[in-house]
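Beneath this line is the structure, given in structure tokens, with notes to follow.
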Amino acid sequence: MISAAAEAKKNEGNEAFKNQDYPIAVAKYTEAIELDPSNHVYFSNRSAANAGWGKFQEAVDDAAECIRINSQFVKGYHRHGVALKGLKKYDEALATLRAGQRVDFNNADLNRLVTEIEPLQARAERTKRSGMSSGELLKERGNDAFKSAAFEKAIVLYGEAIEVCNDQPGSDLSLSCYNNRAACNQQLSNFSAVISDCSHVLEYDEKNQKALLRRALAYEGLERYRLALQDIRMLLAINPSIDIANKAQHRLSNYVRQLKQNK
Numbered sequence: 001m002i003s004a005a006a007e008a009k010k011n012e013g014n015e016a017f018k019n020q021d022y023p024i025a026v027a028k029y030t031e032a033i034e035l036d037p038s039n040h041v042y043f044s045n046r047s048a049a050n051a052g053w054g055k056f057q058e059a060v061d062d063a064a065e066c067i068r069i070n071s072q073f074v075k076g077y078h079r080h081g082v083a084l085k086g087l088k089k090y091d092e093a094l095a096t097l098r099a100g101q102r103v104d105f106n107n108a109d110l111n112r113l114v115t116e117i118e119p120l121q122a123r124a125e126r127t128k129r130s131g132m133s134s135g136e137l138l139k140e141r142g143n144d145a146f147k148s149a150a151f152e153k154a155i156v157l158y159g160e161a162i163e164v165c166n167d168q169p170g171s172d173l174s175l176s177c178y179n180n181r182a183a184c185n186q187q188l189s190n191f192s193a194v195i196s197d198c199s200h201v202l203e204y205d206e207k208n209q210k211a212l213l214r215r216a217l218a219y220e221g222l223e224r225y226r227l228a229l230q231d232i233r234m235l236l237a238i239n240p241s242i243d244i245a246n247k248a249q250h251r252l253s254n255y256v257r258q259l260k261q262n263k
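Going by the numbering used here, the residue at position 182 of the sequence shown is 182; the numbering climbs one at a time, nothing skipped.
What follows is the structure in structure tokens.
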């Protein structure tokens with residue numbers, strides 16, 4: 001049931017918004033929200049008002065709450081996209097707009113904003129990559145391939161990046177590429193390759209959490225449970241809050257116990 005008092009505050013906010021008095025509009029929409037925090041429209045309107053005077057992060061938060069309350073309200077996705085565009089977070093803006101298009105593919109406002117943001121995103125990507133080294137560019141291309149689930153292609157690209165970094169085998173870039181290549185091989189169940197790449201990372205960074213976890217799971221995939229448990233225990237000593245590692249420790253402890261009993 002709509003609150004009459006909240007609607008009155010919303011209408012006052014709408015009037016202030018029309019007059020481009022955005023701080024007053026925000027204040028009025030806030031009063032409406034306090035009276036009825038379940039109304040998605042109030043968050044949508046406050047998002048627009050916050051964006052109007054450059055408060056883009058606040059606008060993002062309000063639009064996200066609007067979508068959470070009512071995921072079928074297309075205007076919420078548009079508000080979210082506008083605010084993310086204001087923060088120059090073009091990838092995130094396009095993602096939320098495409099989510100909105102899945103609700104209403106023919107929405108003119110969404111489609112118009114997508115066509116505005118796509119060239120901005122492409123320009124930002126070109127600018128970002130123009131300042132990269134050849135190794136960094138290869139890594140980025142590998143990342144793109146990984147995101148597209150083209151794991152074999154990503155493995156090749158990470159390998160090329162590693163070769164470029166051959167004179168600095170312990171550099172952050174090189175270790176990141178080894179770790180990423182391990183992630184690709186993990187997806188393909190190439191467990192020996194995962195172990196090899198993670199072991200290289202751990203030679204230079206013995207507390208690398210991603211490498212410890214991936215190597216442990218690869219050892220498990222090869223039924224080398226004691227080695228897997230050893231890596232998991234080392235990982236949990238560094239960071240005891242990793243849920244997947246805690247579950248793996250319980251599982252691997254049972255495997256190792258069974259091995260001892262079967263001797």
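Beta carbons: idealized from backbone N, C-alpha and C, even for Gly.
Under 8 Å between C-beta atoms of residue i and residue j
i, j, result
"N208", "V201", "yes"
"F17", "A5", "no"
"L84", "V60", "yes"
"R181", "Y204", "no"
"Y77", "L35", "no"
"K139", "C177", "yes"
"L217", "V256", "no"
"G135", "L173", "yes"
"I195", "Y219", "yes"
"F43", "E15", "no"
Residue i in three-state terms, based on DSSP
i, result
"R224", "coil"
"S192", "helix"
"L137", "helix"
"D197", "helix"
"M132", "coil"
"Q101", "helix"
"D205", "coil"
"I33", "helix"
"A149", "coil"
"N107", "coil"
"I117", "helix"
Cβ distance (whole Å) where residue i is taken to contact residue j below 8 Å
i, j, result
"G142", "A154", "5 Å"
"H40", "N70", "4 Å"
"A51", "V82", "6 Å"
"L120", "R129", "Contact doesn't hold; Cβ gap of about 15 Å is too wide."
"C198", "R224", "About 13 Å; that fails the 8 Å criterion."
Where residue i falls, given that 16 or more other Cβ within 10 Å makes a residue buried
i, result
"R46", "buried"
"E152", "exposed"
"S38", "exposed"
"L264", "Since the first residue of the chain shown is 1 and the last is 263, residue 264 is not available in this structure."
"N179", "buried"
"G100", "buried"
"H80", "buried"
"K55", "buried"
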